[in-house]
Amino acid sequence: MAAVTRLGLLMWNNPRLIHNVLRNICTVVLNNKVIFYKDIGCISKCNVSCKFLRHSYRCHSHVRHFSGEEEQQHCNVGTIGHVDHGKTTLTAAITRILSKDGATKYISYAEIDKAPEEKARGITINAAHVEYMTKNRHYAHTDCPGHADYIKNMISGASQMDGAILVVAATDGQMPQTREHLLLAKQVGVKKVVVFINKADLVENDVLELVEIEMRELLEDFGFDGLNSPMIRGSALLALNGDTSELGENSVWKLLDAIDSYFSIPTRDNTSPFILPIDNAFTVPGRGTVVIGTLARGTVKKNVEAELLGFGEEIKTSVSDVQVFKKSVPVAKAGDNMGALLRGVRIQSVQRGMLLCAAGSQVVGNHFEAKVYFLTRAEGGRSKPITSKYIQQLFSKTWNVPCRIDVIGSEMLMPGEHGSVYLTLLRKMVMIEGQPFTIRENHKTVGTGIIVKVLNSLNIVKSNLSKLQIKHGQ
Numbered sequence: 109m110a111a112v113t114r115l116g117l118l119m120w121n122n123p124r125l126i127h128n129v130l131r132n133i134c135t136v137v138l139n140n141k142v143i144f145y146k147d148i149g150c151i152s153k154c155n156v157s158c159k160f161l162r163h164s165y166r167c168h169s170h171v172r173h174f175s176g177e178e179e180q181q182h183c184n185v186g187t188i189g190h191v192d193h194g195k196t197t198l199t200a201a202i203t204r205i206l207s208k209d210g211a212t213k214y215i216s217y218a219e220i221d222k223a224p225e226e227k228a229r230g231i232t233i234n235a236a237h238v239e240y241m242t243k244n245r246h247y248a249h250t251d252c253p254g255h256a257d258y259i260k261n262m263i264s265g266a267s268q269m270d271g272a273i274l275v276v277a278a279t280d281g282q283m284p285q286t287r288e289h290l291l292l293a294k295q296v297g298v299k300k301v302v303v304f305i306n307k308a309d310l311v312e313n314d315v316l317e318l319v320e321i322e323m324r325e326l327l328e329d330f331g332f333d334g335l336n337s338p339m340i341r342g343s344a345l346l347a348l349n350g351d352t353s354e355l356g357e358n359s360v361w362k363l364l365d366a367i368d369s370y371f372s373i374p375t376r377d378n379t380s381p382f383i384l385p386i387d388n389a390f391t392v393p394g395r396g397t398v399v400i401g402t403l404a405r406g407t408v409k410k411n412v413e414a415e416l417l418g419f420g421e422e423i424k425t426s427v428s429d430v431q432v433f434k435k436s437v438p439v440a441k442a443g444d445n446m447g448a449l450l451r452g453v454r455i456q457s458v459q460r461g462m463l464l465c466a467a468g469s470q471v472v473g474n475h476f477e478a479k480v481y482f483l484t485r486a487e488g489g490r491s492k493p494i495t496s497k498y499i500q501q502l503f504s505k506t507w508n509v510p511c512r513i514d515v516i517g518s519e520m521l522m523p524g525e526h527g528s529v530y531l532t533l534l535r536k537m538v539m540i541e542g543q544p545f546t547i548r549e550n551h552k553t554v555g556t557g558i559i560v561k562v563l564n565s566l567n568i569v570k571s572n573l574s575k576l577q578i579k580h581g582q
């Protein structure tokens, strides 16, 4: 009973949260006291403890474990767009506005861009993850860096999204990373985009009209539905500062309504062996190494046998704890942004881009056949043709490695052409048929493609891709 009383004391000033957490379990009366009816034992069955509740984690993510009702739909979204157009400010504004009802924790701008180098430069470098809950859905939100120097972090973040919020400043209109982020979002499988036209308070209405027309045309150029994609005009800074005007908080509410209604929840594969592309890793003193990422498919439970694959490594391990946004859960499902505590794995053995998967379910390789498209110069690509033995960085999911490209069936591929190629990676990675990838050269995207066949791995002597002899048909 003491644990239940403490639960009430900790939560008594938040009626909405109590309602969400305890609905269908028991009745609550708030009058300087907390009175519980029904079976008190059901609280302990849901793993509620005083120690757990003292943590500063956001309780709303555990509604699904406390409540008898069906859990909210989960959706992975994120902010993309050019540097300094307001992605991080908008992310912070969303959490501040939704924190008013107690179901979301406010994450400030400083907390999102918390790395020393981010504070020093005033830009986002690493993709940051926050969570919030609207009336209809639970969201995991990735705030992607906009600076061209950190595009690989953007690719990693975008690969985890079900839908993207494209932030464009009305004062600038579309810029280089606006276009590149749309290209990369399309390539990693993002189906729908909502546009937030930021800094709308700083320009006239006719300028806003022109920016909206420009953005609809740009969406069409990259294969999105420019006609029906929602366009929200507002000011993230006004909203963050509590302005209740049409361009302030109201614009963020319109944005949230738009993503609730426009973004579709993809069908999650919860039956196949699990795959977790690793986005980050850290050490918990006294416990071990935690790897973080968005679960691509399957479910992960405690004590399941697993393998850590990638960059030529194959490490056997098991999952000793499963967390969703830093809270232990019995099981993580496909689409969850999760952490897995690994048994017997040192942090030095883990790199971003590795894959945690069910034991024996995946294999690594370094040689593949693929279909590619090389961008024209007008699209931001090369001006010269691509010939065999072309070596650049290949990006897929959360990893990137040097890759040699050999053209199949012709001498070269011109910018703007589609073709078949062999890909040979410097390090063995997990790639499967249908997996998309991006090719980058000198800090710009020059090509995109998809794997069509996994070939036998090649022996690369002394990490030298250029001297490797590759014969057609082998």
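Under the working numbering, residues 109 to 582 are what the sequence shown spells out, in order. Ideal Cβ positions, reconstructed from N, Cα and C, are used throughout, including at glycine.
| Asked | Found |
| --- | --- |
| Evaluate contact between the segment 290-303 and the segment 321-341, counting only Cβ atoms and requiring at least three cross-stretch pairs below 8 Å. | yes |
| Whose CA, out of Gly342, Ser337, Ile273, Gly394, lies closest to the CA of Asn313? | Gly342 |
| How about Asn509 and Leu534: do their beta carbons lie closer than 8 Å? | Inspection of the sequence shows that residue 509 is occupied by Val rather than by Asn. Yes, the pair counts as a contact, with Cβ atoms nearer than the cut-off. |
| Identify, in the order they occur along the chain, each residue of the same chain with its Cβ nearer than 7 Å to the Cβ of Ile215, setting aside the five sequence neighbours on each side. | Ala200, Thr203, Val238 |
| Could you check what DSSP says for Gly149 in three-state terms: helix, strand or coil? | Because Gly149 carries a pLDDT of 36, less than 50, the predicted location of this residue cannot be relied on, and no value is offered for it. |
| Which term fits Ala486, buried or exposed, when burial requires 16 or more other beta carbons within 10 angstroms of its beta carbon? | exposed |
| Quick check on Val562: does DSSP put it in helix, strand or coil? | strand |
| Considering only the beta carbon of each residue, do Leu449 and Leu416 sit closer than 8 Å? | no |
| Go ahead and pull the three-state DSSP assignment for Arg55. | The structure shown does not extend to residue 55, since the chain is modelled only from 109 to 582, so the question has no answer here. |
| Going by CA-CA distance only, name the one from Lys208, Leu364, Ala248 that's closest to Asp444. | Ala248 |
| The alpha helix (DSSP H) with Met323 in it runs from where to where? | 313-329 |
| What would DSSP say about Ser571, mapped onto helix, strand or coil? | helix |
| In this structure, how does DSSP classify Asp251 when only helix, strand and coil are distinguished? | strand |
| Cα-Cα, which of Ser491, His551, Ile516 is closest to Leu502? | His551 |
| So within the segment 440-495, which uninterrupted alpha helix (DSSP H) runs reach at least 4 residues, ignoring any that extend past its ends? | none |
| Label Ile513 either buried or exposed according to how many other C-beta atoms from any shown protein chain fall within 10 Å of its C-beta, with 16 as the threshold for buried. | buried |
| For Pro544, name the three-state secondary structure that DSSP assigns. | strand |
| Let's see if you can read the secondary structure: which residues bound the alpha helix (DSSP H) around Ser369? | 357-370 |
| Is it buried or exposed for Ala272, if we count other Cβ within 10 angstroms and need 16 for buried? | buried |
| Starting from the C-beta of Val298, find all residues in its chain whose C-beta is less than 6 Å away, skip the five residues before and the five after it, and write them out in chain order. | Met269, Ala272 |
| Assuming Ala347 and Lys307 make a contact with CB atoms under 8 Å, what is their CB distance in whole Å? | Actually they are not in contact, since the Cβ atoms of Ala347 and Lys307 sit about 12 Å apart, beyond 8 Å. |
| Just mark Val60 as buried or exposed, buried being the case when its beta carbon has 16 or more other beta carbons within 10 Å. | The chain is shown only over 109 to 582; residue 60 falls outside these bounds and no answer can be derived. |
| Taking the alpha carbon of Gln431 as the point to measure from, which residue in Lys213, Ile568, Glu354, Val398 has its own alpha carbon closest? | Val398 |
| If you compare alpha carbons, which of Gly527, Gly542, Glu525, Thr546 is closest to Thr506? | Thr546 |
| So Ile367 packs on Val185, CB below 8 Å; how close in whole Å? | 6 Å |
| With DSSP collapsed to three states, give me the class of His190. | coil |
| May I have the straight-line CA-CA distance separating Lys410 from Ile499, to the nearest angstrom? | 41 Å |
| Can you give the Cα-Cα distance for Val538 and Gln456, rounded to whole angstroms? | 20 Å |
| In angstroms with no decimal places, state the Cα-to-Cα distance between Gly524 and Thr484. | 5 Å |
| So, with DSSP's three-state summary, where would you put Lys536? | strand |
| With distances taken between CB atoms, is the gap from Ile400 to Met462 smaller than 8 Å? | no |
| For Ala211, which of helix, strand or coil comes out of DSSP? | coil |
| Drop a sphere of 10 angstroms on the beta-carbon of Gln577, count the other beta-carbons inside from all chains shown, and report buried for 16 or more, exposed for fewer. | exposed |
| Taking just the CA atoms, how far does Leu384 sit from Met339? | 33 Å |
| Would you tell me roughly how many angstroms separate the C-alpha atoms of Leu345 and Gln285, rounded to the nearest one? | 21 Å |
| Using 10 angstroms around the beta-carbon of Lys561, count the other beta-carbons present and answer buried if the total reaches 16, otherwise exposed. | exposed |
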